[in-house]
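Protein chains in written order, with this note's numbering: chain W, 538 to 658; chain X, 88 to 571. Beneath this line is the structure, given in structure tokens, with notes to follow.
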Amino acid sequence: MAELKFAETHEWIKIEDGKGKIGITEHAQDELGDIVFVELPDIGKDIEKGESFGVVESVKVASDLYAPCTGKIIAVNSELQSNPQLINEDAFGKGWIIEIEISNEDELNDLLNESEYKEMI
Amino acid sequence: MEKDKLIFDKGRKGRIGVSLPECDIKEINISEHLPGHLIRKDIKDMPSLNELEVIRHYTKLSQRNFSIDTNFYPLGSCTMKYNPKVHEKIASFSGFTDIHPLQSEDTVQGALEIIWKLEEALCEITGMKKFTFQPSAGAHGELTAMFIVDKYFKNKNDYRKKVLVPDSSHGTNPASANMCGFIVEEVKTNFEGGIDLADLKEKINDTVACLMLTNPNTLGLFEKDILKVQDIVHKKGALLYYDGANLNALLGKAKPGDMGFDIVHLNLHKTFSTPHGGGGPGSGPVGVVEELIEFLPVPLIDKKNGKFVFNYKVNNSIGKVRAFYGNFGVLVKAYAYIYGLGAEGLKQIANISVLNANYILNKLEKVYNCKYNRNCMHELVLSALKQKNKGINALDIAKRLIDYGIHPPTMYFPLIVKEALMIEPTETESKETLDYFINVMIKIAKEAENNPELLHNAPHNTFVSRVDEVKAAREPNLRWYPGK
Numbered sequence: 538m539a540e541l542k543f544a545e546t547h548e549w550i551k552i553e554d555g556k557g558k559i560g561i562t563e564h565a566q567d568e569l570g571d572i573v574f575v576e577l578p579d580i581g582k583d584i585e586k587g588e589s590f591g592v593v594e595s596v597k598v599a600s601d602l603y604a605p606c607t608g609k610i611i612a613v614n615s616e617l618q619s620n621p622q623l624i625n626e627d628a629f630g631k632g633w634i635i636e637i638e639i640s641n642e643d644e645l646n647d648l649l650n651e652s653e654y655k656e657m658i
Numbered sequence: 088m089e090k091d092k093l094i095f096d097k098g099r100k101g102r103i104g105v106s107l108p109e110c111d112i113k114e115i116n117i118s119e120h121l122p123g124h125l126i127r128k129d130i131k132d133m134p135s136l137n138e139l140e141v142i143r144h145y146t147k148l149s150q151r152n153f154s155i156d157t158n159f160y161p162l163g164s165c166t167m168k169y170n171p172k173v174h175e176k177i178a179s180f181s182g183f184t185d186i187h188p189l190q191s192e193d194t195v196q197g198a199l200e201i202i203w204k205l206e207e208a209l210c211e212i213t214g215m216k217k218f219t220f221q222p223s224a225g226a227h228g229e230l231t232a233m234f235i236v237d238k239y240f241k242n243k244n245d246y247r248k249k250v251l252v253p254d255s256s257h258g259t260n261p262a263s264a265n266m267c268g269f270i271v272e273e274v275k276t277n278f279e280g281g282i283d284l285a286d287l288k289e290k291i292n293d294t295v296a297c298l299m300l301t302n303p304n305t306l307g308l309f310e311k312d313i314l315k316v317q318d319i320v321h322k323k324g325a326l327l328y329y330d331g332a333n334l335n336a337l338l339g340k341a342k343p344g345d346m347g348f349d350i351v352h353l354n355l356h357k358t359f360s361t362p363h364g365g366g367g368p369g370s371g372p373v374g375v376v377e378e379l380i381e382f383l384p385v386p387l388i389d390k391k392n393g394k395f396v397f398n399y400k401v402n403n404s405i406g407k408v409r410a411f412y413g414n415f416g417v418l419v420k421a422y423a424y425i426y427g428l429g430a431e432g433l434k435q436i437a438n439i440s441v442l443n444a445n446y447i448l449n450k451l452e453k454v455y456n457c458k459y460n461r462n463c464m465h466e467l468v469l470s471a472l473k474q475k476n477k478g479i480n481a482l483d484i485a486k487r488l489i490d491y492g493i494h495p496p497t498m499y500f501p502l503i504v505k506e507a508l509m510i511e512p513t514e515t516e517s518k519e520t521l522d523y524f525i526n527v528m529i530k531i532a533k534e535a536e537n538n539p540e541l542l543h544n545a546p547h548n549t550f551v552s553r554v555d556e557v558k559a560a561r562e563p564n565l566r567w568y569p570g571k
């Protein structure tokens, strides 16, 4: 069963078998407005918790994406290059951004669960 | 109204605007001088119009311009003030326009004297010791300053890789630092809208080269703790950089040098009488304290035995950042402006720009949200959070303002204020204009309650109404293709 966790910087991570799919939350896409561009990282790159791994750009603002935990990027959602609106339409599903191999599961304990995140926003 | 055609779609094939006289020199055969693939065979698709059609086309376009000469323009942090026309006239004197940058120093003493005297005035205003006038605009000045910071540390064999910026900073600050190879880290803003000292202390260490600050900051608030900030930064051997975007609020009142800043960039085209917003020309001079003079771009302008000379002997200069000496016409206007107003006049700019902003804040703080409960400096940041509950966002309010003949304020910036509207009235607006703006803002707040659709579709009174900004950003097809 996949577990969903949240970062204070509005990314979600769906954790399953030591891998994590990462995207931005419904709340984040609503705040940003219509997304017009997503800058994706290269597959194979190592990212550290809190490091910026990409950018989402809306009509209003360009916003950095921060890694919720340390790991290696094993997949990116290249569909977003031609259809960035997938993030607006389905933030937790088709709008996923990258997938990583989690290198330190302990870090996940620092993240928020759904009710904690809802409370924060 | 008939939809306007592009100039390519107007006129008629073969029509021309002017009758050229017969060529009275011998024609050459161009193919003897250029390779065949570089010679254009025909010029179809070139617009073919007569003079009157051309005049009407461009006059109509110009009438749709929105400018400070026609309307109120409270675009926050841009200081869209009125710039007296007399300065344009002065800058266009033939003694200034008919000189060439390659002329010898002896023949341009007057021009050099103006730059030298302007430098003297800016040193007095900012508390710096020496300026370079090469940078062509604000961000160019920031980049130049970052090169200087980098060279300063490398010269001491002290390799520092980080630059700190507040989370309210202008986007150009992190961009300039990054362009220069620094890693950028953000410092948080505290509950009063100032820099969070605890967070600053946590992030500063001996890998930090510089803290970039704007004061007043982009929330339009004065950094009350600036002396503590400079102490924290300097104790770690780092430099303090002043982004001069908001200098208008401090003119003649407080000097960045006295606050502990080591390096300053100014926007002459904002603060010192050059119209801007059209893409140039601007001027972003960089001033430094004594210790950093040796890193400035060459040449500096010095005075020797009563004569003004270019000084290329700057030991550790970062080199040149632009051809020649800067946008000279902008320097002439800044000089005329500063000497026309004098010290008392400059103080009045600060007084009135701050008064005007606070007048608006006072009248609107109950109608819109205001995150920080403080008096502001030369600009104020409102939030449309109350209106957002009704489905109206900052963008809708900004667009509706256009219907009332007012340029939208800066929107969604600074990033730490939700639904931000950043308003800078400047000192050149009358009380009547401010009252009109205030009344319109109150009216729009009522419209947001009673008739939200009106705002969603605004503007209504312009030649082009609400444009599809999302489509424009996702499919930026700007090229015209023949016949399409």
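Virtual Cβ for every residue (Gly too), placed ideally from N, Cα, C.
Own chain residues within Cβ distance below 6 angstroms of residue i, not counting five before or after
i      : result
E715/W : No information on residue 715/W is available, as it lies outside the stretch 538 to 658 that chain W covers here.
T219/X : V373, L383 and P384
K434/X : G339
N456/X : S470, L472 and K473
Within 9 angstroms, strictly: CB atoms of residue i and residue j
i      : j      : result
L573/X : K176/X : Nothing about residue 573/X can be read from this structure; chain X reaches only from 88 to 571.
V468/X : P501/X : yes
E431/X : G339/X : yes
G228/X : N354/X : yes
I489/X : W203/X : no
E506/X : V596/W : no
Q317/X : M346/X : yes
P368/X : N414/X : yes
V47/X  : Q221/X : Only positions 88 to 571 of chain X appear in the structure, and residue 47/X is not among them; the question remains open.
A296/X : F278/X : no
Interface flag, residue i vs chain X, CB-CB below 9 angstroms
i      : result
Q566/W : no
K597/W : yes
F543/W : no
F585/W : In the sequence as presented, Phe is not what sits at residue 585/W; that position holds Glu. Answer no: the Cβ-Cβ gap between E585/W and chain X never drops below 9 angstroms.
V573/W : yes
E656/W : no
D563/W : First, the residue type needs correcting, since residue 563/W is Glu and not Asp in the sequence shown. Output row for E563/W: interface = no.
E553/W : no
Q622/W : yes
E653/W : no
is_contact[residue i, chain W] using C-beta, thresh 9 angstroms
i      : result
R487/X : no
F500/X : yes
L251/X : no
V295/X : no
V441/X : no
F269/X : no
L482/X : yes
Proximal residues to residue i (C-beta, below 8 angstroms), its chain only, five neighbours per side dropped
i      : result
G591/W : V575, E576, L577, P578, D601, L602, I634 and I635
I436/X : N335, L338, G339, L428 and E514
Exposed unless 16 or more other CB atoms sit within 10 angstroms - verdict on residue i
i      : result
W549/W : buried
M88/X  : Residue placement at M88/X is flagged as unreliable, the pLDDT there being 45, under the threshold of 50; a coordinate-derived value is accordingly withheld.
T194/X : exposed
K249/X : buried
Y426/X : exposed
C267/X : buried
E206/X : buried
Simplified DSSP assignment, three categories, for residue i
i      : result
A544/W : coil
V643/X : Because chain X spans 88 through 571 in this model, residue 643/X falls outside it and cannot be assessed.
C457/X : coil
Y329/X : strand
M88/X  : Because M88/X carries a pLDDT of 45, less than 50, the predicted location of this residue cannot be relied on, and the following value inherits that uncertainty. Residue state, collapsed to three classes: coil.
H564/W : helix
E310/X : coil
D185/X : coil
S223/X : coil
F240/X : helix
D129/X : coil
C210/X : helix
A232/X : helix
Spatial neighbours of residue i in its chain, beta-carbon cut-off 7 angstroms, leaving aside the 5 residues before and after
i      : result
G258/X : none
L541/W : W549, K551 and E651
I525/X : I447, K450 and L451
N260/X : E229, V252, M299 and D330
E379/X : The sequence as given places Leu at residue 379/X; Glu does not occur at that position. The answer, listed in chain order, is I235, Y239, D349 and I350.
Y491/X : V527
Heavy atom of the ligand ZN within 8 angstroms of residue i beta-carbon
i      : result
A421/X : With respect to the ligand ZN, the structure offers nothing, as it holds no ligand at all.
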